[in-house]
Amino acid sequence: MHCVICKQSEPRPGTVTVTLERDGATVVVNQVPAMVCDNCGE
Ligand SMILES: [Zn+2]
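Heads up: the sequence shown begins at 37 in this note's numbering, then just goes up one per residue.
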């Protein structure tokens, strides 16, 4: 299955850093399991 964003690469299991903003505070969550595309990083 190709990446839905760039359709160039095949996403694989990895981890990403998610940044959330809530009530004026920024919360950064590291190492969130996700399917990551090698090509675009999505
Ligand atoms: Zn991609």
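Heads up, the beta-carbon is just placed ideally off N, CA and C, and yes, glycines get one too.
query, result
"Regarding Q67 and ligand 1, is the C-beta to nearest heavy atom distance less than 7 Å?", "no"
"Since P49 and P69 should fall inside the 8 Å C-beta cutoff, what is the C-beta to C-beta distance between them, to a whole number of angstroms?", "7 Å"
"Would DSSP call G77 helix, strand or coil?", "coil"
"Whose C-alpha, out of M71, C73 and L56, is nearest the C-alpha of V65?", "L56"
"Hey, could you find the ends of the beta strand (DSSP E) G50 is sitting in?", "R48 to R58"
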